[in-house]
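2 protein chains.
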Amino acid sequence: MLMAAIGDVARLAGVSKATASRALSGRGHVADATRRRVEAAAAEIGYIASPAAASLVTGRTMNVGVVIPFVNRWFFGEVLEGIEQALLAAGYDLTLYNVGSAGLDRDRVFDFFLARKRVDAVIAVGVDLTERETASLDRREKPLVSLGGSGTGGALLSIDDRAVGALATEHLLHLGHTRIAHLAGEGASTHPESVHGCRREGYLEAMAAAGLASEADAHIVETAMSMPGGYTGALQLLGHPGRRPSAVFAASDEMAFGAIRAAERLGLAVPGDLSVIGVDGHEYAEMFGLTTIEQYPGEQGRLAVDVVLHLLGEDVVADPLPDSGAPLPTRLVVRSTTAALR
Amino acid sequence: MLMAAIGDVARLAGVSKATASRALSGRGHVADATRRRVEAAAAEIGYIASPAAASLVTGRTMNVGVVIPFVNRWFFGEVLEGIEQALLAAGYDLTLYNVGSAGLDRDRVFDFFLARKRVDAVIAVGVDLTERETASLDRREKPLVSLGGSGTGGALLSIDDRAVGALATEHLLHLGHTRIAHLAGEGASTHPESVHGCRREGYLEAMAAAGLASEADAHIVETAMSMPGGYTGALQLLGHPGRRPSAVFAASDEMAFGAIRAAERLGLAVPGDLSVIGVDGHEYAEMFGLTTIEQYPGEQGRLAVDVVLHLLGEDVVADPLPDSGAPLPTRLVVRSTTAALR
DNA sequence: CTGAAAGCGCTTACAG
DNA sequence: CTGAAAGCGCTTACAG
Numbered sequence: 029m030l031m032a033a034i035g036d037v038a039r040l041a042g043v044s045k046a047t048a049s050r051a052l053s054g055r056g057h058v059a060d061a062t063r064r065r066v067e068a069a070a071a072e073i074g075y076i077a078s079p080a081a082a083s084l085v086t087g088r089t090m091n092v093g094v095v096i097p098f099v100n101r102w103f104f105g106e107v108l109e110g111i112e113q114a115l116l117a118a119g120y121d122l123t124l125y126n127v128g129s130a131g132l133d134r135d136r137v138f139d140f141f142l143a144r145k146r147v148d149a150v151i152a153v154g155v156d157l158t159e160r161e162t163a164s165l166d167r168r169e170k171p172l173v174s175l176g177g178s179g180t181g182g183a184l185l186s187i188d189d190r191a192v193g194a195l196a197t198e199h200l201l202h203l204g205h206t207r208i209a210h211l212a213g214e215g216a217s218t219h220p221e222s223v224h225g226c227r228r229e230g231y232l233e234a235m236a237a238a239g240l241a242s243e244a245d246a247h248i249v250e251t252a253m254s255m256p257g258g259y260t261g262a263l264q265l266l267g268h269p270g271r272r273p274s275a276v277f278a279a280s281d282e283m284a285f286g287a288i289r290a291a292e293r294l295g296l297a298v299p300g301d302l303s304v305i306g307v308d309g310h311e312y313a314e315m316f317g318l319t320t321i322e323q324y325p326g327e328q329g330r331l332a333v334d335v336v337l338h339l340l341g342e343d344v345v346a347d348p349l350p351d352s353g354a355p356l357p358t359r360l361v362v363r364s365t366t367a368a369l370r
Numbered sequence: 029m030l031m032a033a034i035g036d037v038a039r040l041a042g043v044s045k046a047t048a049s050r051a052l053s054g055r056g057h058v059a060d061a062t063r064r065r066v067e068a069a070a071a072e073i074g075y076i077a078s079p080a081a082a083s084l085v086t087g088r089t090m091n092v093g094v095v096i097p098f099v100n101r102w103f104f105g106e107v108l109e110g111i112e113q114a115l116l117a118a119g120y121d122l123t124l125y126n127v128g129s130a131g132l133d134r135d136r137v138f139d140f141f142l143a144r145k146r147v148d149a150v151i152a153v154g155v156d157l158t159e160r161e162t163a164s165l166d167r168r169e170k171p172l173v174s175l176g177g178s179g180t181g182g183a184l185l186s187i188d189d190r191a192v193g194a195l196a197t198e199h200l201l202h203l204g205h206t207r208i209a210h211l212a213g214e215g216a217s218t219h220p221e222s223v224h225g226c227r228r229e230g231y232l233e234a235m236a237a238a239g240l241a242s243e244a245d246a247h248i249v250e251t252a253m254s255m256p257g258g259y260t261g262a263l264q265l266l267g268h269p270g271r272r273p274s275a276v277f278a279a280s281d282e283m284a285f286g287a288i289r290a291a292e293r294l295g296l297a298v299p300g301d302l303s304v305i306g307v308d309g310h311e312y313a314e315m316f317g318l319t320t321i322e323q324y325p326g327e328q329g330r331l332a333v334d335v336v337l338h339l340l341g342e343d344v345v346a347d348p349l350p351d352s353g354a355p356l357p358t359r360l361v362v363r364s365t366t367a368a369l370r
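These protein sequences, in sequence, are chains A and B.
Residue 29 is where the first sequence starts when you use the numbering used here, and the numbers rise one by one after that.
Residue 29 is where the second sequence starts when you use the numbering used here, and the numbers rise one by one after that.
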């Protein structure tokens, strides 16, 4: 079956290709009767415009690239779903680049895939962009929105990770805990600007404000932001009977779940012997009864799309855009894994 | 900064656009010296071909559409990462369509997004495709590869879900269990062709072969393929003290994790009071000591890409393609959540 | 409101 | 091995 082209539609409707194009795209004026005739003709032969031909002349691809280091961590999966839905609703495609830390793949994505004229804009999720990377996008005049990562250039959307770290720690302090450990994400100490780094900073600040700075230093373990990561890290922390903490602030809920299982394995009751607080509002948090600081990644993804569409000059954005620089919302949810020190 | 076009490269190298094109694409013969000159010119001005212009003439987009119902279930996330890596390595983009069960979004994806000439092929993961959907792709002559879903048309890659269900059940039978429950995925009984349906069939077959058909009927609960789903389902199953099962076959590892937590909550020891077996080989399985039937979703994703590339006529496929119709590999891994009935 | 024409940036027969 | 020319399927000034 041959694919119908706009010439076929024009012929069937008895108009020129120019008029057919205007009628179908809604750009430029067309008489109502003509428009209806063209639309009927297009429907009859199942015409759909070739995106390649259209973008060759308009320079727009109706396509947004998403760079994301994980798909399988809860936070990232939720963000991705939110982005996908919002993009689909706006008629845009989503091209996925699942690249993490530095490496050949990452360079390839920025130098080849994103440098081509195939995406109109880029959303980077949880990626700490280098100068070179943002400059490359900038040179191609591609709008960039970063969600929860660090880097210059582009719009930056993020929660206040430092405040989150401080709040989680203060919650435990106010329950009377002083031996408070922190399960931090890998690279937290070497990358103070990163998400992990900021949460760690918040923890250190709150501990220092309570006069527990030296206590804090001895109680940080860096590990993968996953359940096994939290499990292993917590085992390490809780194995030291003499200096065993009475509370743990985990940098993510998945790590917190792992810490809970580690406590169970060691015969420690939660929250009787150990209080645990996480960050995220993971879908499993309720099942674990986990006290956590919720964030709303699906919503964050949709918001990133709103900002991108705005930067692309689409004025269809219904929701108000956030004040630039204002942190994204979070909320402390107290459940049954934290309790007063006994 | 103006984007360099192939004409600029040609001028700089002192050749025609045709020769520049041939030198850069590797199609057609070009003298070695000429090729080097063209390549140097391209590098100098940072030339990258416009995909829109190229695909307008070749009809190829170097882009594969992936239709997937979840991003945030372990199996699907792993498959997606596998697909992404393999596609990136082959120079293809991945356009993500995160659509689940029937609905407006799903129709929109098939009728509008996939119907346009923007993808060269489609990989459908865990989607039960309708006649209409496969016909639509077929009409556009887009190769289709289905991974672990049902549907006619296209290549179909999948593990033998019926055999997996039977093997899991037989493992429990051979340990002496007779009161074996099954946590099935939603829709297992109404969609016998689906992944959930086949695993349920395997369970029923094995139970019937052991003369326990009536036992089986009373012990199936359908629930979401997630940890909370397994938790709720298991609570329902284990709450009945008189008819309490001594073993549970969960249709996924995430459900199995939920079942383990449910048992703990009810004061039942695993495996002392309850044996649990799952399916997947989830990254958390080892931490839970879970007995499971492993499958290899990342590998499955890469394989789906190999098949797609083959269908697209790319002969760069290194790995041998599987025998058509042969089930994908699985493996029983016995850990500490299953034990002999005491 | 509508049409004829040019052009977006490539690739590919067709000659040579 | 290389070049001139046509053409992929659209959209958009430019006229009218």
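Glycine included, C-beta positions come from ideal geometry on N, C-alpha and C.
Proximal residues to residue i (C-beta, below 8 Å), its chain only, five neighbours per side dropped
{"i": "alanine 354 (chain B)", "result": "none"}
Contacting residues, own chain, Cβ-Cβ under 6 Å from residue i (five flanking each side not counted)
{"i": "glycine 176 (chain A)", "result": "Gly154, Ser186 and Val223"}
{"i": "valine 362 (chain A)", "result": "Thr319"}
{"i": "alanine 48 (chain A)", "result": "Ile34, Val37, Ala38 and Val66"}
{"i": "serine 274 (chain A)", "result": "His205, Arg207 and Leu369"}
{"i": "alanine 238 (chain A)", "result": "Leu201"}
{"i": "aspartate 189 (chain A)", "result": "Val223, Cys226 and Arg227"}
Beta-carbon spacing of residue i, residue j below 9 Å
{"i": "arginine 321 (chain A)", "j": "threonine 365 (chain A)", "result": "The residue you asked about is not arginine; residue 321 (chain A) is isoleucine in the sequence shown. Not in contact: isoleucine 321 (chain A) and threonine 365 (chain A) (Cβ atoms no closer than 9 Å)."}
{"i": "arginine 55 (chain A)", "j": "aspartate 148 (chain A)", "result": "no"}
{"i": "leucine 115 (chain B)", "j": "valine 99 (chain B)", "result": "no"}
{"i": "tyrosine 231 (chain A)", "j": "alanine 262 (chain A)", "result": "no"}
{"i": "valine 173 (chain B)", "j": "leucine 184 (chain B)", "result": "yes"}
{"i": "glutamate 250 (chain A)", "j": "alanine 194 (chain A)", "result": "no"}
{"i": "leucine 302 (chain B)", "j": "leucine 266 (chain B)", "result": "yes"}
{"i": "histidine 219 (chain B)", "j": "histidine 247 (chain B)", "result": "no"}
{"i": "valine 58 (chain B)", "j": "alanine 69 (chain B)", "result": "no"}
{"i": "leucine 371 (chain A)", "j": "glutamate 282 (chain B)", "result": "The structure shown does not extend to residue 371 (chain A), since chain A is modelled only from 29 to 370, so the question has no answer here."}
{"i": "arginine 144 (chain A)", "j": "alanine 32 (chain B)", "result": "no"}
{"i": "alanine 396 (chain A)", "j": "threonine 260 (chain A)", "result": "Chain A is shown only over 29 to 370; residue 396 (chain A) falls outside these bounds and no answer can be derived."}
Test: residue i CB closer than 9 Å to a CB of chain A
{"i": "methionine 29 (chain B)", "result": "Bear in mind that the predicted position of methionine 29 (chain B) carries a pLDDT of just 43, short of 50, making it too unreliable to give a figure here."}
{"i": "valine 361 (chain B)", "result": "no"}
{"i": "glycine 286 (chain B)", "result": "yes"}
{"i": "leucine 124 (chain B)", "result": "yes"}
{"i": "glutamate 159 (chain B)", "result": "no"}
{"i": "threonine 89 (chain B)", "result": "yes"}
{"i": "arginine 330 (chain B)", "result": "no"}
{"i": "arginine 64 (chain B)", "result": "no"}
Own chain partners of residue i with C-beta closer than 7 Å, once the 5 adjacent residues on each side are dropped
{"i": "proline 325 (chain A)", "result": "Phe103, Glu106, Val107 and Gly110"}
{"i": "glutamate 198 (chain A)", "result": "Ala234"}
{"i": "methionine 29 (chain A)", "result": "For methionine 29 (chain A), the predicted model reports a pLDDT of 43, less than 50, meaning its position is unreliable; a value from the coordinates is still stated below. Correct list: empty, nothing qualifies."}
{"i": "leucine 84 (chain B)", "result": "none"}
Alpha helix (DSSP H) segment containing residue i, residue limits
{"i": "histidine 224 (chain A)", "result": "223-237"}
{"i": "isoleucine 73 (chain B)", "result": "60-73"}
{"i": "glutamate 214 (chain A)", "result": "Note, glutamate 214 (chain A): premise wrong, no alpha helix (DSSP H); not H, not E."}
{"i": "valine 333 (chain A)", "result": "325-339"}
{"i": "threonine 260 (chain A)", "result": "255-266"}
{"i": "phenylalanine 285 (chain A)", "result": "281-293"}
{"i": "isoleucine 305 (chain A)", "result": "Taken as a continuous stretch (DSSP letters only), isoleucine 305 (chain A) belongs to no alpha helix (DSSP H), being part of the beta strand (DSSP E) at 303-308."}
Limits of the beta strand (DSSP E) - the one that residue i falls within
{"i": "isoleucine 151 (chain A)", "result": "149-153"}
{"i": "glutamate 322 (chain A)", "result": "319-322"}
{"i": "arginine 359 (chain B)", "result": "359-361"}
{"i": "threonine 251 (chain B)", "result": "248-251"}
Test: residue i CB closer than 9 Å to a CB of chain B
{"i": "histidine 324 (chain A)", "result": "Per the sequence shown, residue 324 (chain A) should be read as tyrosine rather than histidine. It does not; no Cβ of chain B falls within 9 Å."}
{"i": "aspartate 121 (chain A)", "result": "yes"}
{"i": "glutamate 292 (chain A)", "result": "yes"}
{"i": "leucine 116 (chain A)", "result": "yes"}
{"i": "arginine 168 (chain A)", "result": "yes"}
- Would you list, in chain order, the members of the region 94-113 of chain A that have their beta-carbon closer than 7 Å to a beta-carbon of chain B? Val99, Asn100, Trp102, Gly105, Glu106, Leu108, Glu109 and Glu112
- Message: At a CB distance below 8 Å, what residues from the region 130-146 of chain B approach chain A? Give them in sequence order.
- Response: Asp133, Arg136, Val137, Phe140, Phe141, Ala143, Arg144, Lys145 and Arg146
- Task: Give the residues from the region 243-259 of chain A that approach chain B closer than 9 Å (Cβ to any Cβ), ordered along the chain.
- Result: Ser254, Met255, Pro256 and Tyr259
- Pull out every residue of the region 71-87 of chain A whose Cβ sits closer than 7 Å to any Cβ of chain B, in chain order. Ile76, Ser78, Pro79, Ala80, Ala81, Ser83 and Leu84
- Task: Anything in the region 301-328 of chain A with a Cβ closer than 9 Å to a Cβ of chain B? List those residues in chain order, please.
- Result: Glu311, Tyr312, Glu314, Met315 and Phe316
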